[in-house]
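K.L.:
Taking full-length UniProt numbering, I'd label the letters of the sequence shown as residues 1 to 308.
C-beta: ideal position from N, C-alpha, C; glycine also.
Treat the numbers as computed from the prediction; the structure is a model and nothing was measured.
My structure is below; once you've seen it, I'll send some questions.
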Amino acid sequence: MPSSLDLPTGRLKMDLLLHRPQKEKVLIVMGPTGTGKSRLSIDLATQFPAEIINSDKMQVYQGLDIVTNKITEEEQCGVPHHLLGKLNPNTDFTASDFCRMASHVLESTRSRGQLPIIVGGSNSFIEALVDDEDFIFRSKYECCFLWVDVSMHVLYQFVSERVDRMVENGMVDEVRNIFDPKADYSKGIRKAIGVPEFDLYFRVEPFLDEENRGKLLKEAIQEVKNNTCKLAYRQWKKIRRLKNTKGWNIHRLDATEVLRTRGKAADEAWEKLVAGPSTALVAKFLLDFPMEPSAGALRDHMKQCLVA
């Protein structure tokens, strides 16, 4: 039997509206690149009445969908996504910009009776939003933090294989289409891992024979893999700091077994280790249960709320 809860969104929406807490509730999904944050956010948004707010500083830009690993329209499953693929790729997008725009989206999402799910790997943006200097966010919102974690050696292998799939899907040509020898790699979408690594290759490509072109391309792809692994480790360290040093109440979900396996076994591991426990945690968070409830207890509680 699946461990996730099949909760009718209409009932839950009515329950949230009838029993709205003093602070509005926000769900924040964190984790290093490649761990399954987007997948989990969609799983939860199809269980609860929710909208998703992107907090990935590169995915906010238009273009380079393969390089930035944007969730596709099909993968979004009809769930509204905000701050995704919206900005001019040549503009700068700072933590202050994110806080301002995300705050506006949070207000509009809550006004529609929807749960905001903030998801992305830019933990500095999330920290700037949640722990603002004036304590405004914490005074208005109560947060549930979910951390999708994977053992580093397993994650490194996975992201390496993912880069290979990105190359197969056209990543090199996607980057070539925006190549500019005078480009500033410190601004906009060109800061994304997977762009500056190809600069030398594109500059000398026309002057090399096939063998040397292949060798240089292979080196550029390996650099993308190395930098992606370094990013994953930095993201992991940042989440540990938020949890252990700053005291954020972050719920860790170990998805290592999901990436170790394939096919049906991986889907079963995801349901057992990530999706199911997350659904229970979010239901408890939204319905203010004093202890972790069973699926039956949650349904009974919602029925009582509807009758009341």
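(1) Using 8 Å for Cβ pairs, my map puts residue 314 next to N249. What's the rounded Cβ distance?
(2) Looking at the structure shown, is V195 part of a helix, part of a strand, or coil, going by DSSP?
(3) For the beta strand (DSSP E) containing S252, list its first residue and its last residue.
(4) Are the Cβ atoms of Q62 and P32 separated by less than 8 Å?
(5) State whether the region 208 to 220 contacts the region 124 to 133, with contact taken as three or more CB pairs (one from each stretch) at a distance under 8 Å.
(6) Would the beta-carbon of E223 be found less than 7 Å away from any heavy atom of the ligand MN?
(7) Suppose the cutoff is 6 Å on Cβ atoms and the five residues either side in sequence are ignored; what does the same chain contact list for M30 look like?
(8) Leaving out the 5 sequence neighbours to the left and right, which residues in its chain are closer than 7 Å to residue 309 when beta-carbon positions are compared?
(9) Tell me, please, which residues DSSP counts as bridged to K25.
(10) Using the three-state DSSP reduction, which class does R50 fall into: helix, strand or coil?
(11) Assess contact between the region 226 to 235 and the region 156 to 164, defined as three or more Cβ pairs (one per stretch) separated by less than 8 Å. Is contact present?
(12) To the nearest angstrom, report how far apart F93 and F198 are at their CA atoms.
(13) If we ignore side chains and look at the alpha-carbon of each, how far apart do L83 and A102 end up?
(14) If I'm right that R162 touches G34 with Cβ under 8 Å, what's the distance once you round it to whole angstroms?
(15) Which two residues bound the contiguous alpha helix (DSSP H) that contains V163?
(16) Just to confirm the assignment: which complete alpha helix (DSSP H) runs, minimum length 4, are found wholly within the region 191 to 245?
(17) When the Cα of S139 is compared with those of T46, Q22 and R260, which residue comes out closest?
(18) Going by CA-CA distance only, name the one from E142, F179, H104 and I189 that's closest to L200.
(19) So if DSSP puts V119 in a beta bridge, which residue, or which two residues, is it bridged to?
(20) So which of D254, E73 and C143 has the shortest CA-CA distance to E24?
(21) Please classify F135 as buried or exposed, where buried requires at least 16 neighbouring CB atoms within 10 angstroms.
P.N.:
On the basis of the coordinates in this document:
(1) An answer regarding residue 314 cannot be provided, because it is not within the stretch 1 to 308 covered by the chain.
(2) For V195, the secondary structure class from DSSP, reduced to helix, strand or coil, is coil.
(3) The question names Ser, but residue 252 in the sequence shown is Arg. It spans I250 to D254 - the beta strand (DSSP E) in which R252 sits, taken as one unbroken run.
(4) In this structure, P32 does not lie closer than 8 Å to Q62 by Cβ.
(5) Counting C-beta pairs with one atom in each stretch, the region 208 to 220 and the region 124 to 133 have fewer than three that are closer than 8 Å, which means they do not touch.
(6) In the structure on display, the ligand MN does not appear, and there are no ligands present to speak of.
(7) Cβ within range, chain order: W147 and I239.
(8) Coverage of the chain is limited to positions 1 through 308, which leaves residue 309 absent and any answer about it impossible.
(9) Partner(s): E142.
(10) Strictly speaking, residue 50 in this sequence is Ala, with Arg absent from that position. The answer is strand: DSSP assigns A50 an E or B state.
(11) Between the region 226 to 235 and the region 156 to 164 there are three or more inter-stretch CB-CB distances shorter than 8 Å, so the stretches are counted as touching.
(12) F93 and F198: Cα-Cα distance of roughly 23 Å.
(13) The straight-line gap from Cα to Cα measures roughly 8 Å.
(14) Indeed, because the Cβ distance is near 6 Å, the residues count as touching under 8 Å.
(15) Per DSSP, V163 belongs to the alpha helix (DSSP H) from M152 to E168.
(16) As far as the region 191 to 245 is concerned, its whole alpha helix (DSSP H) runs of at least 4 residues are 199 to 204 and 210 to 244.
(17) Of T46, Q22 and R260, the residue nearest in Cα terms is Q22.
(18) Nearest C-alpha to L200 among E142, F179, H104 and I189: F179.
(19) Answer is V29 and N54, bridged to V119.
(20) Ranked by Cα distance from E24, the options D254, E73 and C143 are led by C143.
(21) The residue in question, F135, is exposed, as its Cβ has fewer than 16 Cβ neighbours within 10 Å.
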